[in-house]
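Residue numbers (our numbering): 221 to 795.
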């Protein structure tokens with residue numbers, strides 16, 4: 221049994237080395253303090269100047285769903301050789317994993333035989349099993365985190381700690397251990413929490429959204445590791461300076477800004493006058509992604525829904541952008557009892573829910589809805605009257621969802637609307653007014669917070685399509701549509717999206733035939749009576765069904781179906 225003198229290292233004393241003097245006995249306390257000084261300085265550098273995370277070229281400790289209610293996979297994320305293990309720095313300590321392992325397969329997991337005895341011998345708690353699923357419709361946020369600590373290993377545990385020539389015990393060793401644990405909430409334990417253990421270090425690996433269904437699938441897991449950590453070279457720094465400020469700029473070490481105006485302020489000033497159109501970028505390929513609908517949820521995460529066709533079956537599928545990465549497409553639910561789905565719309569509420577609307581052929585062309593609160597609710601019939609198409613939806617500042625669609629009654633086209641408050645039952649379906657020769661319509665929220673219906677009117681006569689609007693004021697729709705004087709200078713108009721950006725101007729986005737067999741996407745805005753047109757895509761495309769989602773900064777994300785691609789064009793007004 222190892223007998224070790226008490227630890228004498230104290231970083232507050234600022235000792236950085238042990239110096240051996242002649243005639244002074246070498247005590248274990250001196251030896252250990254010298255080693256602790258070295259370890260402390262290395263750990264301090266990694267903790268304060270590098271930080272937690274996974275290094276460049278490594279994918280250590282990634283959490284992967286396996287469609288189980290009780291476990292998931294902890295992915296090694298390294299190479300085939302031991303030194304190519306998955307790695308992660310946690311509070312200056314490097315943990316590594318050499319092979320994939322299931323959460324419930326860890327030796328300390330409560331479901332493993334001998335876990336309690338092992339935990340007691342190590343002086344740590346067992347790994348608790350995942351909590352039981354919440355009762356519908358509630359959801360629960362779980363944080364998966366890495367727990368790293370060090371413990372003493374002696375001859376009693378490792379028989380190799382013997383000097384063969386002498387048959388005596390060698391020095392003991394410190395071994396670094398890790399465990400992946402799960403707790404309720406959005407963060408790992410901190411000092412003062414009942415599950416915080418002194419001497420242990422923690423780092424978040426992932427967040428899991430647990431629903432009443434229990435099964436943890438890929439969309440429920442959000443990666444929270446800081447990835448790609450490295451120390452940039454001076455050459456990297458010089459490249460960034462030259463690309464950003466030009467070759468004549470250099471830092472002088474003072475820390476005092478040298479530009480008279482911050483570049484971000486200058487760029488934002490320019491963007492306010494003329495938003496930058498960025499893209500198109502491909503969100504997903506290998507589609508098609510039929511009739512997409514975009515929304516930003518209450519946490520700021522963009523979602524895109526679309527109709528997936530598989531033989532005679534129709535599914536509502538989706539992807540969402542988590543930490544800058546679009547998730548793999550997944551099915552939300554299967555449309556049942558319908559022959560086709562002609563349009564969809566989505567709107568989010570402040571309580572985290574999302575409501576999807578769709579027009580579908582079910583004997584007649586009807587409007588339906590489903591609510592997502594962590595799990596999808598049952599189908600609700602919104603409007604069972606025949607000849608309903610082109611549904612659109614938006615959420616007002618009070619959290620009320622307003623959906624609108626077009627009803628054809630013997631050639632008379634009326635805009636029908638319904639309101640879903642944040643609390644309580646939806647209101648009755650009401651008519652917003654007759655739309656004359658409508659090509660398409662959309663609903664948006666104007667700068668005053670009022671719902672506004674926008675539709676494009678077929679020119680008769682005339683070469684240009686007109687844009688008309690009507691607002692919902694004082695719990696009623698205005699009596700008449702207003703001509704915005706904004707025109708759409710095309711002959712063949714196909715699809716419409718509309719919305720307001722940070723500068724308070726109304727933008728309409730539309731696809732139009734650009735050549736036989738091709739369609740392109742354009743944008744046109746009305747601000748202070750001045751109009752401008754933007755070509756958002758090259759002409760020879762197959763752009764259809766633009767759908768708009770505007771973030772809290774007023775930047776607009778426009779998503780389109782372009783052949784087999786789901787693409788995004790952004791109008792940026794603030795960075």
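Note that beta-carbon positions come from the ideal geometry of N, C-alpha and C, so glycine has one too.
Where residue 748 falls: helix, strand or coil (DSSP): As a position in the chain shown, residue 748 is number 528, starting the count at 1. Unreliable positioning characterises residue 748 in this predicted model, as indicated by a pLDDT of 47, which lies under 50. The coordinate reading is nonetheless provided below. In the three-state scheme derived from DSSP, where H, G and I count as helix and E and B as strand, residue 748 is classed as coil.
I'd like the span of the beta strand (DSSP E) that includes residue 620, first residue to last. Numbered from 1 along the chain shown, position 400 holds the residue referred to as residue 620. Here residue 620 belongs to no beta strand (DSSP E), and DSSP marks it neither H nor E.
Compare the Cα-Cα distances from residue 644 to each of 390, 246 and 621 and report the closest residue. Reading the chain shown from its first residue, position 424 is the one you call residue 644. By alpha-carbon distance to residue 644, the top candidate from 390, 246 and 621 is 621.
Cβ-based burial, residue 245 [other Cβ within 10 Å; buried from 16]: As a first step, residue 245 must be located in the chain shown, where it is residue number 25. Classification of residue 245: exposed, given that the 10 Å Cβ count is below 16.
Under 7 Å Cβ to Cβ from residue 669, same chain only, skipping five residues before and after it: list those, please. Against the chain shown, residue 669 aligns to sequence position 449. Once the five neighbours on either side are set aside, the close Cβ partners of residue 669 are 616 and 617.
The stretch 397 to 410 touching the stretch 248 to 265, judged by at least three CB pairs closer than 8 Å: no
Alpha helix (DSSP H) containing residue 455: first to last residue? Reading the chain shown from its first residue, position 235 is the one you call residue 455. Note, residue 455: alpha helix (DSSP H), 454 to 465.
Proximity below 7 Å, CB of residue 796 to CB of residue 587: The first residue shown for the chain is 221 and the last is 795, placing residue 796 beyond what the model contains.
Where residue 649 and residue 629 are concerned, what is the direct C-alpha to C-alpha distance, given to the nearest angstrom? In the chain shown, the residue the question calls residue 649 occupies position 429. In the chain shown, the residue the question calls residue 629 occupies position 409. C-alpha of residue 649 to C-alpha of residue 629: approximately 15 Å in a straight line.
For the candidate residues 430, 660 and 779, whose alpha-carbon lies nearest to that of residue 523? The sequence position of residue 523 within the chain shown is 303, counting from 1. Looking at the Cα atoms, 779 is the closest of the given residues.
How many angstroms separate the CA atom of residue 291 from the CA atom of residue 671? Residue mapping note: residue 291 aligns to position 71 of the chain shown, counting from 1. Residue mapping note: residue 671 aligns to position 451 of the chain shown, counting from 1. Rounded to the nearest angstrom, the two C-alpha atoms are 45 Å apart.
Cutoff 6 Å; reference residue 389; Cβ partners in own chain excluding five residues on either side: Stepping through the chain shown from its first residue, residue 389 is reached at position 169. Result list for residue 389: 375, in chain order.
Examine the ligand NAD and report whether any of its heavy atoms sits within less than 6 Å of the Cβ of residue 620. This structure lacks the ligand NAD, and indeed carries no ligand of any kind.
Using beta-carbon positions only, say whether residue 280 and residue 308 come within less than 7 Å of one another. Reading the chain shown from its first residue, position 60 is the one you call residue 280. Reading the chain shown from its first residue, position 88 is the one you call residue 308. Yes, the pair counts as a contact, with Cβ atoms nearer than the cut-off.
Measuring CA to CA, which of 540, 362, 381 and 504 is closest to residue 521? Taking the chain shown and counting its residues from 1, one reaches residue 521 at position 301. Cα-wise, what sits closest to residue 521 is 540.
Taking all protein chains shown into account, do 16 or more other C-beta atoms lie within 10 angstroms of the C-beta of residue 603, making it buried, or fewer, making it exposed? On the chain shown, position 383 is the one that residue 603 refers to. Looking at its Cβ environment, which holds 16 or more other Cβ atoms inside 10 Å, residue 603 is buried.
In chain order, what residues of the same chain lie with their CB nearer than 8 Å to the CB of residue 223, ignoring the 5 residues before and after it? If you number the chain shown from 1, residue 223 lands on position 3. Nothing meets the Cβ criterion.
For residue 787, which residues in the same chain have their Cβ closer than 6 Å to its Cβ, ignoring the five residues on either side in sequence? For this step, residue 787 is matched to residue 567 along the chain shown. Excluding residues within five positions, the ones whose Cβ falls inside 6 Å are 500, 502 and 780.
Can you check which of these residues, 517, 557, 489 and 563, is closest to residue 794 by C-alpha distance? Looking up residue 794 in the chain shown gives position 574. Taking only the C-alpha atoms, the option nearest residue 794 is 489.
State the CB to CB distance for the pair residue 450 and residue 276, rounded to an integer number of angstroms; the pair is presumed to be in contact (CB under 8 Å). Along the chain shown, read from residue 1 onward, the residue named residue 450 stands at position 230. Along the chain shown, read from residue 1 onward, the residue named residue 276 stands at position 56. Correct: roughly 5 Å between the Cβ atoms.
Residue 635, enclosing alpha helix (DSSP H) - first and last residue: The residue labelled residue 635 in the question sits at position 415 within the chain shown. Here residue 635 belongs to no alpha helix (DSSP H); instead the beta strand (DSSP E) covers 632 to 640.
Compute the Euclidean distance between the alpha carbons of residue 241 and residue 371, then round it to the nearest angstrom. One-based indexing of the chain shown puts residue 241 at position 21. One-based indexing of the chain shown puts residue 371 at position 151. Answer to the nearest angstrom: the Cα atoms are 31 Å apart.
Excluding the five sequence neighbours on either side, which residues of its own chain have a C-beta within less than 8 Å of the C-beta of residue 700, listed in chain order? Here residue 700 refers to the residue found at position 480 of the chain shown. Correct list, in chain order: 653 and 690.
Expressed to the nearest angstrom, what Euclidean distance is found between the alpha-carbon atoms of residue 582 and residue 318? Numbered from its first residue, the chain shown carries residue 582 at position 362. Numbered from its first residue, the chain shown carries residue 318 at position 98. Each residue's alpha carbon lies about 54 Å from the other.
Considering only residues of the stretch 579 to 617, which uninterrupted alpha helix (DSSP H) runs meet the minimum length of 4 residues and lie entirely inside it, listed in chain order? none
Indicate whether the contact test is met: 3 or more Cβ pairs, each with one atom in the stretch 310 to 325 and one in the stretch 353 to 372, closer than 8 Å. yes
Separation of residue 297 from residue 401, as counted between CA atoms: As a working note, residue 401 is residue 181 in the chain shown. As a working note, residue 297 is residue 77 in the chain shown. Between the alpha carbons of residue 401 and residue 297 lies a gap of roughly 18 Å.
Backbone CA spacing between residue 600 and residue 272 [nearest angstrom]: Reading the chain shown from its first residue, position 380 is the one you call residue 600. Reading the chain shown from its first residue, position 52 is the one you call residue 272. Taking the straight line joining both Cα atoms gives about 47 Å.
Among residues of its own chain, excluding the 5 on either side of residue 383, which ones have a beta-carbon nearer than 8 Å to its beta-carbon? If you number the chain shown from 1, residue 383 lands on position 163. Only residues of its own chain outside the window of five on either side were considered, and among them 389 and 390 have a CB closer than 8 Å to the CB of residue 383, listed in chain order.
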